[in-house]
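Trainee: Numbering (the working numbering), first residue to last: 527 to 792.
Have a look at this one before I ask anything.
Structure representation (structure tokens):
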């Protein structure tokens, strides 16, 4: 249930933008290195990846993880963000997992349906993390940072599954995240995902909600819209950071400048 192509997303974006004419003048080719520099600079070496989970309840330590989806955020040559590849899997409840009937009624998931192609937690996480690590490397970032709508919920279930499955290579920052409920509340005056999408001019299909892949893709869309609308603010901040010596044009974009105060690192 994983969309192909995340390992070459940067290269594909660069190729697609290489030769489009503008008034008869060829557009300069956006190389993979250009896109990587833009992305690694945009979030200080962190690659935003949207995660959505569907679960058997609200308690990450006891309740089952039933679906997980990851959506890579891609960079475009003009510095704007767009939704990239989706990778999603059904997940088998771990042994002894709690399944709240009320939660299952909301999601419509039958965890034990014979045609449900579910994987053990460790396998599902391993496959998703592999794609994320490829994207982190392609964009020359240090690690991924989780984006979610009410992100603490998704991060809590992700970290609990990582611990249970004894996954050793987790590409995500362990506690930092971008919460689109907060971002949408500040930028759009709405904290409910469906309403935030509506006032942003995007569509929401209620019949598709509570599918991890659909919810993750809509969360990715609202994240990109808000970040792209903040482009002027970002450029102003970059100019100030450059003036303070925090950005060294000669240094790799994913690394802070040597004279940036260490206390500002997370």
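Positions of the beta carbon are idealized from the N, C-alpha and C atoms, including for glycine.
(1) If you follow the alpha helix (DSSP H) that residue 699 is in, where does it begin and where does it stop?
(2) With 16 other CB atoms within 10 Å as the buried threshold, where does residue 763 fall?
(3) Taking all protein chains shown into account, do 16 or more other C-beta atoms lie within 10 angstroms of the C-beta of residue 613, making it buried, or fewer, making it exposed?
(4) Contact between the segment 608 to 628 and the segment 650 to 657: three or more CB pairs below 8 Å?
(5) What whole-angstrom Cβ distance do residue 566 and residue 667 have, given they're in contact under 8 Å?
(6) Which partner residues of residue 612 appear in the DSSP bridge assignment?
(7) Just the C-alpha distance for residue 582 and residue 633, rounded to the nearest angstrom, thanks.
(8) Specify, as a first and last residue, the run of the beta strand (DSSP E) that residue 581 falls within.
(9) Could you tell me how far apart the beta carbons of residue 749 and residue 698 are, in whole angstroms, since I believe they sit closer than 8 Å?
(10) So what does DSSP say about residue 724, is it helix, strand or coil?
(11) Let me know the secondary structure DSSP gives residue 767 once reduced to three states.
(12) If you draw a straight line from the alpha carbon of residue 559 to that of residue 664, how long is it in whole angstroms?
(13) Starting from residue 658, trace the alpha helix (DSSP H) both ways and give me its first and last residue.
(14) Using three-state DSSP, classify residue 688 as helix, strand or coil.
(15) Let me check understanding here. Comparing Cα to Cα, which of 575, 562, 601 and 606 lies closest to residue 754?
(16) Is residue 742 closer than 8 Å to residue 578 when the C-beta atoms are compared?
(17) Cα separation between residue 715 and residue 593?
(18) Grab the span of the beta strand (DSSP E) containing residue 625 for me, first residue to last.
(19) Where DSSP assigns a beta bridge to residue 674, which residues make up the other side?
(20) Can you give the Cα-Cα distance for residue 648 and residue 744, rounded to whole angstroms?
(21) Give a yes or no on whether the C-beta atoms belonging to residue 637 and residue 590 are separated by under 8 Å.
(22) Which residues does DSSP pair with residue 669 in a beta bridge?
(23) Closest by CA to residue 662, which one among 759, 597, 736 and 733?
Mentor: With the structure as the only source:
(1) On the chain shown, position 173 is the one that residue 699 refers to. Element bounds for residue 699: not the alpha helix (DSSP H) but the beta strand (DSSP E), 698 to 705.
(2) Along the chain shown, one-based indexing puts residue 763 at 237. Under the 10 Å beta carbon count, residue 763 is surrounded by fewer than 16 other beta carbons and is classified as exposed.
(3) Numbered from its first residue, the chain shown carries residue 613 at position 87. With 16 or more Cβ atoms within 10 Å of its Cβ, residue 613 is classed as buried.
(4) The segment 608 to 628 is in contact with the segment 650 to 657.
(5) Reading the chain shown from its first residue, position 40 is the one you call residue 566. Reading the chain shown from its first residue, position 141 is the one you call residue 667. The pair is a contact, with the Cβ atoms about 5 Å apart (cut-off 8 Å).
(6) Translated into positions along the chain shown, residue 612 becomes position 86. According to the DSSP secondary-structure assignment, residue 612 is paired through a beta bridge with 597.
(7) One-based indexing of the chain shown puts residue 582 at position 56. One-based indexing of the chain shown puts residue 633 at position 107. If I take the Cα positions, the gap works out to 9 Å.
(8) One-based indexing of the chain shown puts residue 581 at position 55. First-last of the beta strand (DSSP E) with residue 581: 572 to 581.
(9) For the purposes of this step, residue 749 is identified with residue 223 of the chain shown, where counting begins at 1. For the purposes of this step, residue 698 is identified with residue 172 of the chain shown, where counting begins at 1. Not a contact, Cβ separation roughly 16 Å.
(10) Counting from 1 along the chain shown, the entry for residue 724 is found at position 198. Here residue 724 sits in helix by DSSP.
(11) Working through the chain shown from its first residue, we reach residue 767 at position 241. Here DSSP, grouped into helix, strand and coil, assigns residue 767 to helix.
(12) To locate residue 559, count along the chain shown from 1; it is residue 33. To locate residue 664, count along the chain shown from 1; it is residue 138. If I take the Cα positions, the gap works out to 9 Å.
(13) Locating residue 658 in the chain shown gives position 132, counting from the first residue. Residue 658 -> alpha helix (DSSP H) spans 647 to 664.
(14) To locate residue 688, count along the chain shown from 1; it is residue 162. The answer is helix: DSSP assigns residue 688 an H, G or I state.
(15) The residue given as residue 754 occupies position 228 in the chain shown. The option with the nearest alpha carbon to residue 754 is 606.
(16) Counting from 1 along the chain shown, the entry for residue 578 is found at position 52. Counting from 1 along the chain shown, the entry for residue 742 is found at position 216. Taking 8 Å as the cut-off, the Cβ atoms of residue 578 and residue 742 count as close.
(17) For the purposes of this step, residue 715 is taken as the residue at position 189 of the chain shown. For the purposes of this step, residue 593 is taken as the residue at position 67 of the chain shown. Going from the Cα of residue 715 to the Cα of residue 593 covers about 29 Å.
(18) Translated into positions along the chain shown, residue 625 becomes position 99. Boundaries cannot be given for residue 625, as no beta strand (DSSP E) includes it and DSSP labels it neither H nor E.
(19) In the chain shown, counting from the first residue as 1, residue 674 sits at position 148. In DSSP, residue 674 forms a bridge with 705.
(20) By 1-based counting over the chain shown, the position of residue 648 is 122. By 1-based counting over the chain shown, the position of residue 744 is 218. Residue 648 and residue 744 have their C-alpha atoms spaced approximately 26 Å apart.
(21) Locating residue 637 in the chain shown gives position 111, where the first residue counts as 1. Locating residue 590 in the chain shown gives position 64, where the first residue counts as 1. Contact flag set, yes.
(22) For this step, residue 669 is matched to residue 143 along the chain shown. DSSP output for residue 669 lists 572 as bridge partner(s).
(23) Against the chain shown, residue 662 aligns to sequence position 136. When each option's Cα is compared against that of residue 662, the closest is 597.
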